[in-house]
Amino acid sequence: MLTRRDIVLTSLFGAGLWGLRAAATGLPAALLLDPRRVLADPPAQNPLAQYIIFQTSGLGDPINANCPGTYDDINGSVMTAGIAHSADPLMAPAPLMVGSQSYQAALPWASPWQSVPNVVTQALWQTALARTTFWHIATETPIHPKEPDVLKLLDQTQANEMLVSLLAKSLAPQLGTIQPQPIALGAASPSEALVYGGQTQPLIPPTALKATLTNPAGPLTNLQSLRDQTMNSLYDLYKNQATPGQKAYVDALVTSQQQARNISQNLLSLLDSIKDNSVASQISAALALIQMKVTPCLTIHIPFGGDNHRDPNLAAETQQTASVDANGNPAATLSGAPAIAALVAAIDAAGLTDQVTIMSLNVFGRTLATATGAGTGRQHNQNHHVAVTIGRGFKGGVVGGVAPGPGGEYSAVNIDSKSGLGSASGDVTPETSLASWGQTMMAAVGIDAATIAQAIPTGTTITGALAT
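Per the working numbering, the sequence shown starts with residue 132, numbered consecutively.
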């Protein structure tokens, strides 16, 4: 009978531990599985291809309530004066330079290290903000269990595939990962489960990953010998049958013995930091799986205020957005903007800043208007949500904006796809913004236009938000 350890190892790395062999050797898993075929037709290298850490929540957290674009008016007109914000000093409006323009946002976005020291340095956060984009879009649903439909861009994707699955499927050959299927590390409810090719994917919590890989007989303790064994199996083909060009291709990718030793120690240290299934542990698990080239896309769950219908003085929203407890001291577990900053810092510490893109999309946003009672809690808002992205493919800035809609509640406005600005005459309407966002995500990580058009036939790529 298979043990849980066997199941986790097999689901992550295949029966032959190809993912670990790929991490140990530096060679794509596809080459190790079928070296003659891959050497005959090496995959084209795409310098823009990215691993993706995708934050998602079926709770509809109030990310949209405190970020850039909810304090600043559009085209000089008074659009945001009626938006309710927490009065707590921890959430005071503060200047925030995003891309090349200054905005106002809640303090945790401007200075995440103030509420949670040592999360990220000021210099690193400012560098990250240069490639951070806040997207004012609409998910068009107020229903929690519709999270899978939102991840499918409201059924506007090919074969109703989730965006995370489309991204993973397209990026796997370019990144040489062992599997194209995305992995959910922090699903907090059934609505956050991932589906790939019609099959629900298993949840692999960080503690299960640690228990499997860090025991004394675990595969990471023998990564160097696994590297040597794998390279020896390729020796005859490489030495006697490969062309000079094929040898150059292998030589450019192969990992040295010393590098394999360092990878082993780094991964063991990373996994050893996992104590539970909290956000910090999800971050460690995600980076470990990326360094082992398991999958292009992993999902995590970061609390940002939750389903805060009854939240007097927006206290829970404040605490989770700033990652503090009821007394204003650092919370026991990371959340909110400091958690995003901690993710940025962890990616940088792993040397993966240019290889990993952060994306965030939740099921819906929250109501904003003071007139509709947001000061004592926020309701579901199907007409406005803010997605957050950080990565080399983005120009950095605020895409779209908000304006009062029917009944006085705030809604996303049209977006000009060429500039990314909110505009009444913009060609991306709130109704098409979700599909357009999905197209833009694929473009930002180097996926070609033909593949994007087939994967998401509707919508318009927002080129004004792209770095290239």
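The beta-carbon is built from N, C-alpha and C at its ideal position, and this holds for glycine as well. All values derive from a computational prediction rather than experimental measurement.
Beta-carbon proximity of residue i to residue j, cut-off 8 Å
i: Val295; j: Val494; result: no
i: Ile497; j: Asn512; result: Sequence check: residue 497 is Arg here, not Ile. A contact, by the Cβ cut-off of 8 Å.
i: Trp256; j: Pro243; result: yes
i: Gln388; j: Arg358; result: yes
i: Ala417; j: Val251; result: no
i: Ala596; j: Lys526; result: yes
i: Leu148; j: Val381; result: no
i: Val475; j: Phe265; result: no
i: Thr308; j: Ala160; result: yes
i: Ala153; j: Lys424; result: yes
i: Ala236; j: Ala225; result: yes
i: Val385; j: Thr156; result: yes
i: Pro199; j: Val530; result: no
i: Lys341; j: Ile405; result: yes
i: Glu278; j: His432; result: no
i: Gly539; j: Ala598; result: no
i: Ile421; j: Leu483; result: yes
i: Ser542; j: Ala534; result: yes
i: Lys283; j: Glu292; result: yes
i: Leu565; j: Leu285; result: yes
i: Ile205; j: Gly553; result: yes
i: Thr258; j: Ile521; result: no
i: Ile587; j: Gln181; result: no
i: Thr345; j: Asp403; result: yes
Sequence-distant residues of the same chain with beta carbon closer than 8 Å to residue i, five excluded per side
i: Thr591; result: Ser548, Asp558, Val559, Thr563, Ser567, Gln570
i: His440; result: Gly508, Arg509, Gln510
i: Asp485; result: Arg523
i: Pro461; result: Ser246, Val247, Pro248, Ser454, Val455
i: Ile583; result: Gln570, Met573, Ala574, Thr592
i: Asn177; result: Gln305, Gly577
i: Met362; result: Thr156, Val385
i: Ala477; result: Ile414, Ser415, Leu418
i: Ala447; result: Gly436, Gly437, Asn439
i: Gly504; result: Thr498, Gln510
i: Pro166; result: Leu365, Leu368
Residue interval of the alpha helix (DSSP H) (run including residue i)
i: Gln355; result: 354-367
i: Pro561; result: 561-575
i: Pro375; result: 375-384
i: Gln585; result: 580-586
i: Lys82; result: Residue 82 lies beyond the stretch modelled for the chain, which goes from 132 to 599, so this question has no answer here.
Start-to-end residues for the beta strand (DSSP E) that takes in residue i
i: Pro224; result: 224-229
i: Gln235; result: 232-237
i: Thr520; result: 516-521
i: Pro535; result: 533-535
i: Ala543; result: 541-543
i: Val529; result: 528-530
Cutoff 7 Å; reference residue i; Cβ partners in own chain excluding five residues on either side
i: Met132; result: The predicted position of Met132 is uncertain, since its pLDDT is 48 and thus under 50; no value can be drawn from it.
i: Gly459; result: Leu221
i: Gln401; result: Per the sequence presented here, residue 401 reads as Leu, with Gln not at that position. Ser415, Leu418, Ala419, listed in sequence order.
i: Thr449; result: Ser217, Asp219, Leu221, Met222
Residues near residue i in its chain [Cβ-Cβ closer than 6 Å; skip 5 each side]
i: Leu179; result: Gly577
i: Gln451; result: Pro434, Phe435, Gly436, Ser466, Gly467
i: Ala290; result: none
i: Pro311; result: Ala299, Lys300, Ala303
i: Leu162; result: Val169
i: Pro443; result: Thr507
i: Gly532; result: Gly200, Ile205, His267, Val544, Gly553
*List in chain order: all unbroken beta strand (DSSP E) runs of 3+ residues lying wholly within the region 409-493.*
428-431, 487-491
*Segments of 3+ residues assigned as beta strand (DSSP E) that fall wholly inside the region 149-200*: 182-186
*Can at least three beta-carbon pairs, one atom from the region 410-424 and one from the region 335-345, be found at a separation below 8 Å?*
yes
*Would you check if the region 424-433 and the region 359-368 touch, i.e. whether three or more CB-CB distances between them fall below 8 Å?*
no
*Three or more beta-carbon pairs under 8 Å between the region 300-319 and the region 176-190, yes or no?*
yes
*Which runs of the alpha helix (DSSP H) fall wholly inside the region 247-333 and span at least 4 residues, in chain order?*
253-260, 278-282, 294-306
*Per the contact definition of three or more C-beta pairs closer than 8 Å, is the region 188-198 in contact with the region 477-496?*
yes
*At least 3 beta-carbon pairs within less than 8 Å: the region 455-467 vs the region 222-233*: no
_So, does the region 152-170 touch the region 200-218, judging by three or more C-beta pairs under 8 Å?_
no
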